[in-house]
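S.K.:
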Amino acid sequence: MTFRLSCTLYAAVLLTGLLAVAPGADARGFRSADRILTPELLAVGESASVLSDLVGEPLSGPVPIPRLHVEQAMEQVLANWGDTQFRRALSTDFVDGDRLADTATLLVPRDAQVRVLGISNIDTLDQVLRRDEGPDDGDLLVSRVTLTAQTQVEFVDRTTGAFRLLRGTNDYVLLLRHRFEEVAQ
Numbered sequence: 001m002t003f004r005l006s007c008t009l010y011a012a013v014l015l016t017g018l019l020a021v022a023p024g025a026d027a028r029g030f031r032s033a034d035r036i037l038t039p040e041l042l043a044v045g046e047s048a049s050v051l052s053d054l055v056g057e058p059l060s061g062p063v064p065i066p067r068l069h070v071e072q073a074m075e076q077v078l079a080n081w082g083d084t085q086f087r088r089a090l091s092t093d094f095v096d097g098d099r100l101a102d103t104a105t106l107l108v109p110r111d112a113q114v115r116v117l118g119i120s121n122i123d124t125l126d127q128v129l130r131r132d133e134g135p136d137d138g139d140l141l142v143s144r145v146t147l148t149a150q151t152q153v154e155f156v157d158r159t160t161g162a163f164r165l166l167r168g169t170n171d172y173v174l175l176l177r178h179r180f181e182e183v184a185q
């Protein structure tokens, strides 16, 4: 019994010693963390440009945005994809918007087309009503809407000459502005 106990103790001490001096056993060496790019947090009282668009009278409940309006907005955003005008479709608060626009312009073949195959999970995040005192005298409904879109990029590969289709599913957040009378019917 003492022999078994001393062997077990000896094995435990040996194993502990090996683990203590084993190279690369430090857990910090196994991970590298890169910073995730996010917008800077706003101090109390400050507002970003998108948030300033959402200044107005809060509504008692969300006004449903017609699906057709959301589809048209997506088509409008993707119409300039791969073009120099693409950056204008992105919010000024979009993180690395210039880099995305430059990359799309440089890496995407000029003949590339983006098609929206389907839109799902449309949800209104925020909504306010702005009183317009201009010549139209109409109220403006400003809505921040999230959606999931299935898209397809179509182009001819420059190296192989083959026609390529790249499908993807992405989440989008759109800021929509409508005359209240258009959507409240």
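The sequence shown: position 118 = 118 (full-length UniProt numbering), numbered continuously. Just so it is clear, CB atoms sit at the ideal spot from N, CA and C, and this is done for glycine as well. All values derive from a computational prediction rather than experimental measurement.
Figure out for me which residue from Val153, Leu147, Gly161 has the closest Cα to the Cα of tyrosine 172.
M.R.: For the purposes of this step, residue 172 is taken as residue 172 along the sequence shown, with counting starting at 1. Answer by Cα proximity: Leu147.
S.K.: Just checking my contact of leucine 174 with valine 145 at CB under 8 Å: how many whole Å lie between their CB atoms?
M.R.: By 1-based counting over the sequence shown, the position of residue 174 is 174. By 1-based counting over the sequence shown, the position of residue 145 is 145. The pair is a contact, with the Cβ atoms about 5 Å apart (cut-off 8 Å).
S.K.: Give me whichever residues DSSP pairs with arginine 144 in a beta bridge.
M.R.: Against the sequence shown, residue 144 aligns to sequence position 144. According to DSSP, which records beta bridges pairwise, arginine 144 is partnered with Asp126, Leu175.
S.K.: Between the segment 85 to 98 and the segment 111 to 123, are three or more C-beta pairs nearer than 8 Å?
M.R.: Segments in contact, no.
S.K.: I want to check one thing, is the minimum distance from the CB of glutamate 71 to the heavy atoms of the ligand FMN below 6 Å?
M.R.: Of the ligands one can find in the structure shown there are none, so the ligand FMN has no counterpart to examine.
S.K.: Please state if the CB of leucine 129 and the CB of leucine 59 are separated by a distance shorter than 7 Å.
M.R.: As a first step, residue 59 is located in the sequence shown; it is residue number 59 there, counting from the start. As a first step, residue 129 is located in the sequence shown; it is residue number 129 there, counting from the start. The answer is yes: Cβ separation under 7 Å.
S.K.: What does DSSP give as the partner residues of threonine 169 in its beta bridges?
M.R.: Translated into the one-based positions of the sequence shown, residue 169 becomes position 169. Answer is Gln150, bridged to threonine 169.
S.K.: Take the Cβ of valine 95 as the centre, count every other Cβ of all protein chains shown within 10 Å, and call the residue buried at 16 or more, exposed below.
M.R.: In the sequence shown, counting from the first residue as 1, residue 95 sits at position 95. It counts as exposed.
S.K.: Looking only at DSSP bridge pairs, what is isoleucine 65 linked to?
M.R.: Walking along the sequence shown from the start, residue 65 turns up at place 65. According to DSSP, isoleucine 65 bridges with nothing at all.
S.K.: Given this structure, state the Cα-to-Cα distance separating alanine 149 from glycine 118, to the nearest angstrom.
M.R.: As a working mapping, residue 149 is identified with position 149 in the sequence shown. As a working mapping, residue 118 is identified with position 118 in the sequence shown. C-alpha separation (whole angstroms): 6 Å.
S.K.: Which partner residues of proline 139 appear in the DSSP bridge assignment?
M.R.: Taking the first residue of the sequence shown as position 1, residue 139 is located at position 139. Reading the sequence as shown, one finds aspartate at residue 139 and not proline. DSSP, once it has assigned bridges, lists Arg131 as partnering aspartate 139.
S.K.: Around the Cβ of serine 120, are there at least 16 other Cβ atoms within 10 angstroms (buried) or fewer (exposed)?
M.R.: Locating residue 120 in the sequence shown gives position 120, where the first residue counts as 1. Burial call: exposed.
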